[in-house]
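Have a look at the structure below before the remarks.
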Amino acid sequence: MKKRVATPLPSSSSSAGPDKKQRMSTAIQLSPAEEKLFSLLLDVAGQPAANGAVLRVAGGWVRDKLLGRDSDDVDIVLDVMTGRAFANLINVYETTQGRQARAVGVIKANPEQSKHLETATMQMRDSFGWVDFVNLRAETYASEDSRIPTVAFGTPQQDAERRDFTINALFYNLVTKQVEDFTGRGICDLQTRHLRTPLDPRVTFLDDPLRVLRAVRFASRFNCMLDDDLRAAAQMEEVRVALVRKVSRERVGKEVCAMLTGSAAHPERAVQLLHELGLSESVFLPPALLEKTPVCRADGKAENIDDHAWGRSYAYVSEMCQLMMASGDVLDVDSLTSEKKHELHVRILACVLLPFCGLCVRDKRRRSIAAFVFQDALKLPNRDAKDVENVLAHVRQLQTLTCKTFNRLNLGLLIRSIGAQWDICCNVALVQELVDSGPVCDSADARATRLETQATSRCKLQLHGRICSIRSLSACLCKPCQGNDLIKQLGVKPGPQIKELLDHVVAWQLVHPAKTRDDCMLHFKASVVDEAQVPSPVE
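With the first letter of the sequence shown counted as 1, position 404 gets the number 403 in numbering that gives the first Met the number 0; the numbers rise by one all the way through.
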């Protein structure tokens, strides 16, 4: 397989995005569902109790619509009333129209976790989905050192300036049907794919440190160039410390999932940026969480994790993405089923954690690094943790098979042990070998090195081909016979020997792929003398 060189992320000194001379259109085409929703909201805003509220859509919906993308992420901002008050007013209006009121959810402000404003959310009728409501905000701080602001009603200008990035600080006015750019740079930055903050990026990141991860997500998703000041602020030690101490690990985990396998995600770019900005450790192995449970090897000796390990993480993720594209796998996350998204999630995170395979944390349970990352650092579902752990636990065994004469039985039993993740495990093993074989240099030994690397690649691809060749045996790899079948057909008494006999049945079928199930039963019926005797599968 020809290795693809990863395209560097654009810097602020390079050009990106559409031609700057061709001005981006600010006309927004509404869908019928959006027309209906906004018409309802304007009817509510026209009621006397609304006090003449001006409604605007803010943030991601405006950005995506200007880029020609569909979006159901509608956030309504109001100038004279809270989101909760307006949501309740919607229910009052709906009731007068003979329609059923809907539940209003309230996400309370939590300044300690950088959630400064209460948000109301409700599911709108006609299957539009959930809509958030919040008031325009202005923030003031008691002192230079204070990180918890006093929040009050603000103007659109003040609200726009407190948002994370200029491309997310655009408004769509429901009354005028116009896009409003109060920072004066949002539309231009969106057109040129320039990611910058409305205010000083240091202030913006310390206000809510999660924004530094959002910067990674948006830069990788839209292939944006990072503003020089933003890049410098993202690399500040105080920002990394604030990310670990001030932001809940649940929020970090959610953001990591969004940047790696979320809508329009580019995991290769995201992991590259995390590494470039020095954020990988703060995200996956935050030192504050490891103070009492340091990383160690299997023998208990402490292990120091240096920056080189995170560089390998990026290399593995990059190679996995290349391998998937070369294999024709779909990387368009939005088109994947939930199960396929889970598989992609496992692939990417297994590659991220591959440099730490075999390491654990020194706690009572001596958990693997993968378990620690999922359970403590990212707070992700147990299923994800178990699947990634399973993949990493078997990678080395799969690689070992390439150094030996092909043995169908050994390979089949290993795949059965791996289970549903065997294909992912094979790809991760292949990726590690391709990356660890080293780059091809242009020295005097270039030809020999290139041939050596290509030979390794062929060897690994051959392994994958061998594994794929036994897909037809998936039935026997997934318990083709139940214990009751063996008891009935072979006359074996129930007991511990049944499991051992089942394992031998699977092994026999792997060694004899052309034989039928009846042939298998006949073989074992002739071989079993009593319940204590288990025949060899290779007989």
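From the three backbone atoms N, C-alpha and C, an ideal C-beta is built for every residue, glycine too.
Can the beta-carbon of residue i be found closer than 8 angstroms to that of residue j?
i	j	result
Asp74	Gly58	yes
Ser219	Asp333	no
Ser279	Ser312	yes
Val510	Phe523	no
Ile322	Val430	The question names Ile, but residue 322 is Leu in the sequence shown. Yes, the pair counts as a contact, with Cβ atoms nearer than the cut-off.
Ala376	Phe283	yes
Glu249	Lys339	no
Val211	Phe204	yes
Asp163	Arg213	yes
Glu160	Leu198	yes
Arg201	Met235	yes
Lys253	Asp125	no
Leu173	Leu40	yes
Val387	Ala369	yes
Gly357	Ala297	yes
Where does the unbroken beta strand (DSSP E) through residue i begin, and where does it stop?
i	result
Leu135	Leu135 -> no beta strand (DSSP E), and no H or E assigned at all.
Asp435	Not the beta strand (DSSP E): Asp435 falls in the alpha helix (DSSP H), residues 421-435.
Asp386	Element bounds for Asp386: not the beta strand (DSSP E) but the alpha helix (DSSP H), 381-400.
Thr165	Neither: Thr165 is in no beta strand (DSSP E) and is coded neither H nor E.
Asp74	73-77
Gln122	118-123
So residue i and residue j are in contact, right, with Cβ under 8 angstroms, and what is the actual spacing, rounded?
i	j	result
Leu194	Phe217	6 angstroms
Ala100	Glu93	6 angstroms
Ala349	Val390	5 angstroms
Thr165	Arg184	5 angstroms
Cys295	Cys223	Between Cys223 and Cys295 the Cβ distance is about 39 angstroms, and since that is not below 8 angstroms, they are no contact.
Leu353	Val178	Contact flag wrong, Cβ pair sits at about 44 angstroms.
Leu135	Val215	Not a contact, Cβ separation roughly 27 angstroms.
Arg22	Pro155	Not a contact, Cβ separation roughly 22 angstroms.
Arg230	Ser281	16 angstroms between Cβ atoms; not a contact.
Leu88	Ala32	With a Cβ gap of about 21 angstroms, Leu88 and Ala32 do not count as contacting.
Leu410	Ala506	Rounded, the Cβ-Cβ distance is 12 angstroms, inconsistent with contact.
Thr191	Ala168	16 angstroms between Cβ atoms; not a contact.
Val351	Val270	6 angstroms
Does DSSP classify residue i as helix, strand or coil?
i	result
Leu194	strand
Phe170	strand
Arg55	strand
Gln157	helix
Leu450	Confidence in Leu450 is poor, its pLDDT being 41 and thus under 50, which makes the residue's placement too unreliable to answer from.
Ser24	coil
Phe181	coil
Gln46	coil
Ser367	strand
Ala84	helix
Phe625	The chain is shown from 0 up to 538; residue 625 falls before or after that span and cannot be answered.
Val103	coil
Ser473	Because Ser473 sits at a pLDDT of 49, beneath the cut-off of 50, its placement in the model cannot be relied upon, and the following sentence gives the value as read from the coordinates. Looking at Ser473 - three-state DSSP - the assignment turns out to be helix.
Val246	coil
The alpha helix (DSSP H) that contains residue i, what's its start and end?
i	result
Val306	The sequence shown places Asp at residue 306, not Val. 306-325 is the extent of the alpha helix (DSSP H) around Asp306.
Val372	Segment: none, Val372 is in no alpha helix (DSSP H) and carries neither H nor E.
Gly411	407-417
Phe283	279-283
Ser219	210-221
Pro286	286-289
Thr336	Counting along the chain, Thr336 falls outside any alpha helix (DSSP H), and DSSP gives it neither H nor E.
Of all the CB atoms in chain D, is at least one closer than 8 angstroms to the CB of residue i?
i	result
Phe132	Although the question refers to chain D, the structure presented lacks it and comprises just one protein chain.
Should residue i be listed as close to the ligand MN, given that the test is whether its C-beta is under 7 angstroms from any heavy atom?
i	result
Leu500	The ligand MN is absent from the structure shown, which contains no ligand whatsoever.
The segment 296-314 contacting the segment 379-395, beta-carbon criterion three pairs below 8 angstroms: no
Segment contact flag, the segment 80-89 with the segment 116-123, C-beta cutoff 8 angstroms, min 3 pairs: yes
The segment 389-398 touching the segment 416-427, judged by at least three CB pairs closer than 8 angstroms: The segment 416-427 and the segment 389-398 touch, with three or more beta-carbon pairs separated by less than 8 angstroms.
Touch test, the segment 243-252 against the segment 283-298, Cβ-Cβ under 8 angstroms, three pairs minimum: The segment 243-252 is in contact with the segment 283-298.
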